[in-house]
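Chains as they are written, first to last, in this note's numbering: chain A, 1 to 195; chain B, 1001 to 1195.
Protein chains: 2
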Amino acid sequence: MSTPGRAQRVDARANRGRILDVAEEVFGKGGESASTEEVARLAGVGIATVFRHFPTKAALLQAVLVRRFDGLREQAGALLDTTDPGAAFFDFFRHLVADAATKIAIGEALLDAGGDRDGEAAQASNGLRRTVGALLQHAQQAGAVRDDVELPEVYALLVATSRTAAHPDLEEEAKARALAIVFDGLTPDPSRRSG
Amino acid sequence: MSTPGRAQRVDARANRGRILDVAEEVFGKGGESASTEEVARLAGVGIATVFRHFPTKAALLQAVLVRRFDGLREQAGALLDTTDPGAAFFDFFRHLVADAATKIAIGEALLDAGGDRDGEAAQASNGLRRTVGALLQHAQQAGAVRDDVELPEVYALLVATSRTAAHPDLEEEAKARALAIVFDGLTPDPSRRSG
DNA sequence: GATCATATGGAGTCGCGACTTCGGATATCA
DNA sequence: TGATATCCGAAGTCGCGACTCCATATGATC
């Protein structure tokens, strides 16, 4: 675990990266029931190589999730420094939905990992959730999102809408209208404010 | 296949019903990856009995779905004869979401079965979808739902919100607020009509 | 209550997928 | 270029879950 006699070989590091890339796609398409063997095959390595880099299938899936969560958090964080908080919030929402459209396993995990799952993934998930919370808060302060909604339901709707978008049978236009309905529900309604 | 020499024995019919009931609960809780053996155990029968009544696990799941879809369609059909079409639509939406909260597999199948799945389940699913379509149309004619939304996205949102409700970590209040957001998005907005 | 087709359940088989082993290949450093 | 630690893949093992076989039990008919 401490500094080994020799550094990790470059081919090993390259393989690890390729496995991670392929796993993201395979788990994204087939969910977590996709087989490790397929990951190995598409990555062009033997099964043993996959298991050497990631001791279990769960560890592989977790590594994929951590990377994805961290990436999303980074994007959300960048949007935090934007001038228009409302646009930032809705942009991120739209981006995540479009992105998750082909990533079944990621969508599934967005909520689950927040529960009691293994340390690293849960931590990354919480980091993402916190940043989305900040995005939401700013948007609310700017008056772009209703004040009476809270993070849990927004996050839940985010995941739900992502899953909707993941369905291939649904027309693009219908997906857009579904998103519009949710956005409309999140937007403050001037005619109702007085009540 | 034609009338057999003797009618089905009453214990066999009773077992079939119990298996179906238990299967609905087991698949509802654990999704379609739940094991057939657990269904048999909880139904108090041997595993062979399950497979005698339903030749494959898929056939069992399909039988569960057909029964559930037909039941939902019946409820939706009853609401069609109600005096307030808007209330009928939103009531059914609310009912389905609450009902699907503990039925993972059913929620998954609501959209999938509409695709290219096996005959019977697809047929039942389409029947349900058509009835929901009528419910939606009536609600729109009554001015309770925006005119510019169509069945596909409404159905998708229905399923997505159901999945949201299935999550145990989410507070009841948050679920209610999520539903309120969707309903709000579906309701015509007077201040925007003039545009 | 005797007969017998129907139904049952426990003990299998079989295939699939997660994970391991080990002889051989390959990058790294002198 | 040679030595060696690191890395690799093909061929395993192992457990789990879908599905089958057969000796036994039981409801239906007389």
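Think of the CB as a built atom: it goes at the ideal place given N, C-alpha and C, for glycine as much as any other residue.
Rounded to the nearest whole angstrom, the C-alpha separation of His138 of chain A and Val1066 of chain B is 47 Å.
Ranked by Cα distance from Leu128 of chain A, the options A:Val149, A:Asp147 and A:Val159 are led by A:Val159. Around Asp184 of chain A, the beta-carbon contacts reaching into chain B at under 8 Å are Asp1184, Gly1185 and Asp1189. Listed along chain A, the residues sitting closer than 7 Å to Val1149 of chain B by beta-carbon distance are Arg177 and Ile181. In the three-state reduction of the DSSP assignment, His138 of chain A falls in the helix class, which pools H, G and I. Residue state for Gly1077 of chain B is assigned as helix, using DSSP reduced to three classes. Ala174 of chain A belongs to the set of residues whose beta carbon lies under 7 Å from a beta carbon in chain B.
Between the alpha carbons of Ala174 of chain A and Arg1163 of chain B lies a gap of roughly 19 Å. If you check the CB distance, Val22 of chain A and Ala43 of chain A come in under 7 Å.
Distance between Gly17 of chain A and Tyr155 of chain A, taken at the CA atoms: about 30 Å. By the Cβ neighbour-count rule, Val1010 of chain B is exposed, with fewer than 16 other Cβ atoms within 10 Å of its own.
Boundaries of the alpha helix (DSSP H) around Arg94 of chain A: Pro85 to Ala100. Counting C-beta atoms within 10 angstroms of its own C-beta, Gly1028 of chain B has 16 or more neighbours from the protein chains shown and is therefore classed as buried. Of all alpha-carbon atoms in A:Leu79, A:Ala165, A:Ser125 and A:Glu153, the one lying nearest the alpha-carbon of Val1182 of chain B is that of A:Glu153.
Contact note: Ala1160 of chain B reaches chain A through Ala160, Thr161, Arg163 and Thr164, using a C-beta cutoff of 7 Å and chain order.
A Cβ of chain B is located within less than 7 Å of the beta carbon of Ala156 of chain A.
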